[in-house]
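K.L.:
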Amino acid sequence: AQSVTQPDIHITVSEGASLELRCNYSYGATPYLFWYVQSPGQGLQLLLKYFSGDTLVQGIKGFEAEFKRSQSSFNLRKPSVHWSDAAEYFCAVGVGAGNNRKLIWGLGTSLAVNP
Amino acid sequence: NAGVMQNPRHLVRRRGQEARLRCSPMKGHSHVYWYRQLPEEGLKFMVYLQKENIIDESGMPKERFSAEFPKEGPSILRIQQVVRGDSAAYFCASSPALGRQETQYFGPGTRLLVL
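As structure tokens, this is what we get:
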């Protein structure tokens, strides 16, 4: 079955510290992977995506993610967190074929940033 | 280029009333997706539509829920005889073309509260 797991429900880091949010997926075909961020009461903003090619992808706001097929993972990283990064982060995998496609989501990781 | 637009942003209904949620995709996008975010749960796919066609409604509840994307005008998600369990954030996303790797761009969501 297709699924996405984000093992960490909540993470707290200090401003300026590095960050890694974990994401594992289960999907039989080549995965198309996404990270979205949601601020309280807001919509979902795309941070980055992986389709093919270089397994290290760069996104907006200084985020990057690395696709590791052997580990079925797509972890999100940032070298130095800013207070404005406090938000909910969602990992998703694009599934389907032809006209049938949708996103399967992890439950999200809530990030708090201490000053 | 305006993003995905959803209205209303907040909607309050009493049990038994109807809720109509509207979504205008980004300019040039002909594919619309609806997702629901329930409290304490992740995002769940509901339905995928192209102009005048429902492509995949596997995530839609069998009763009371319907969706359309007419040739002209926004996509509509309609919930008849709402119940308290329908209280959630409903997000619409759009994409430009075929392929499950296509990025979905999200609107700000409609927060539905059923009293």
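Respectively, the protein sequence lines represent chains S and D. The opening position of the first sequence corresponds to residue 1 in my numbering, with each subsequent residue numbered one higher. The opening position of the second sequence corresponds to residue 1001 in my numbering, with each subsequent residue numbered one higher. A virtual CB, placed ideally from N, CA and C, is assigned to each residue, including glycine.
1. Under a Cβ-count criterion, where at least 16 other Cβ atoms within 10 Å of its own Cβ denotes burial, should tryptophan 35 of chain S be classed as buried or exposed?
2. In chain S, which residues lie less than 8 Å from proline 1108 of chain D when you measure between Cβ atoms?
3. Name the chain S residues that come within less than 8 Å of aspartate 1086 of chain D, Cβ to Cβ?
4. Quick one: give me the first and last residue of the beta strand (DSSP E) that leucine 1038 of chain D is part of.
5. Are the beta-carbon atoms of glycine 1073 of chain D and cysteine 1092 of chain D separated by less than 8 Å?
6. Among S:Ile9, S:Ser52, S:Lys61, which one has its Cα closest to the Cα of glutamate 1041 of chain D?
7. Taking Cβ-Cβ distances shorter than 7 Å, what residues in chain D pair up with leucine 103 of chain S?
8. Helix, strand or coil for serine 80 of chain S? Go by DSSP, reduced to three states.
9. Could you please give the first and the last residue of the uninterrupted beta strand (DSSP E) stretch that includes aspartate 1056 of chain D?
10. Secondary structure at serine 1030 of chain D, three-state DSSP: helix, strand or coil?
11. Would you say glycine 1073 of chain D faces chain S, with C-beta separation under 8 Å as the test?
12. Under three-state DSSP, which class holds serine 39 of chain S?
13. Cβ closer than 8 Å: which chain D residues qualify as neighbours of leucine 107 of chain S?
14. Judging by CA-CA distance, which residue of D:Asp1086, D:Arg1036, D:Lys1071 is the nearest neighbour of proline 1025 of chain D?
15. Report the rounded CA-to-CA distance for proline 40 of chain S versus alanine 87 of chain S, giving the unit in angstroms.
16. List the residues of chain S whose Cβ lies closer than 9 Å to the Cβ of phenylalanine 1091 of chain D, in chain order.
17. If you draw a straight line from the C-alpha of leucine 21 of chain S to the C-alpha of glutamate 1068 of chain D, how long is it?
18. Where does arginine 101 of chain S fall in DSSP's three states?
19. Can you tell which of D:Thr1110, D:Gln1006, D:Ser1058, D:Ser1095 has the C-alpha that lies nearest to the C-alpha of glycine 1028 of chain D?
20. Going by DSSP in three states, isoleucine 60 of chain S sits in which element: helix, strand or coil?
21. What first and last residue would you give for the beta strand (DSSP E) that runs through methionine 1005 of chain D?
22. With 16 other CB atoms within 10 Å as the buried threshold, where does alanine 1002 of chain D fall?
23. Going by alpha carbons, who is nearest to tyrosine 984 of chain D out of D:Gly1016, D:Ile1055, D:Leu1077?
24. Does the pairing of the region 42-51 of chain S with the region 61-78 of chain S give three or more beta-carbon distances under 8 Å?
P.N.:
Put simply:
1. When all chains shown are included, tryptophan 35 of chain S counts as buried.
2. Correct list: Gln42, Gly43.
3. The premise fails here: aspartate 1086 of chain D is roughly 19 Å from chain S at the closest Cβ pair, so nothing lies under 8 Å.
4. Segment: none, leucine 1038 of chain D is in no beta strand (DSSP E) and carries neither H nor E.
5. Cysteine 1092 of chain D is positioned such that its CB atom lies no closer than 8 Å to that of glycine 1073 of chain D.
6. Taking glutamate 1041 of chain D as reference, the option from S:Ile9, S:Ser52, S:Lys61 with the minimal CA-CA separation is S:Ile9.
7. The contact set of leucine 103 of chain S on chain D, defined by CB atoms closer than 7 Å, consists of Phe1045, Gln1104 in chain order.
8. Serine 80 of chain S falls in the coil class under three-state DSSP.
9. Going by DSSP, aspartate 1056 of chain D is part of the beta strand (DSSP E) stretching over 1053-1056.
10. Reduced to three states, the DSSP call for serine 1030 of chain D is coil.
11. At a cut-off of 8 Å, the C-beta of glycine 1073 of chain D has no neighbouring C-beta in chain S.
12. DSSP places serine 39 of chain S outside both helix and strand once states are collapsed to three, so it counts as coil.
13. Per Cβ cutoff of 8 Å: Glu1041, Gly1042.
14. For the residues D:Asp1086, D:Arg1036, D:Lys1071, the minimum Cα distance to proline 1025 of chain D belongs to D:Lys1071.
15. The C-alpha of proline 40 of chain S lies about 7 Å from the C-alpha of alanine 87 of chain S.
16. Ordered by position in chain S, the residues that pass the 9 Å Cβ test against phenylalanine 1091 of chain D are Gly43, Leu44.
17. One C-alpha to the other measures close to 37 Å.
18. The answer is strand: DSSP assigns arginine 101 of chain S an E or B state.
19. In terms of Cα proximity to glycine 1028 of chain D, the closest of D:Thr1110, D:Gln1006, D:Ser1058, D:Ser1095 is D:Ser1095.
20. In the structure shown, the three-state DSSP call for isoleucine 60 of chain S is helix.
21. For methionine 1005 of chain D, the enclosing beta strand (DSSP E) begins and ends at 1005-1007.
22. Alanine 1002 of chain D counts as exposed, since fewer than 16 other C-beta atoms from the protein chains shown sit within 10 angstroms of its C-beta.
23. Limits of chain D in this structure are 1001 at one end and 1115 at the other, which puts residue 984 of chain D out of reach.
24. Verdict: yes, contact present.
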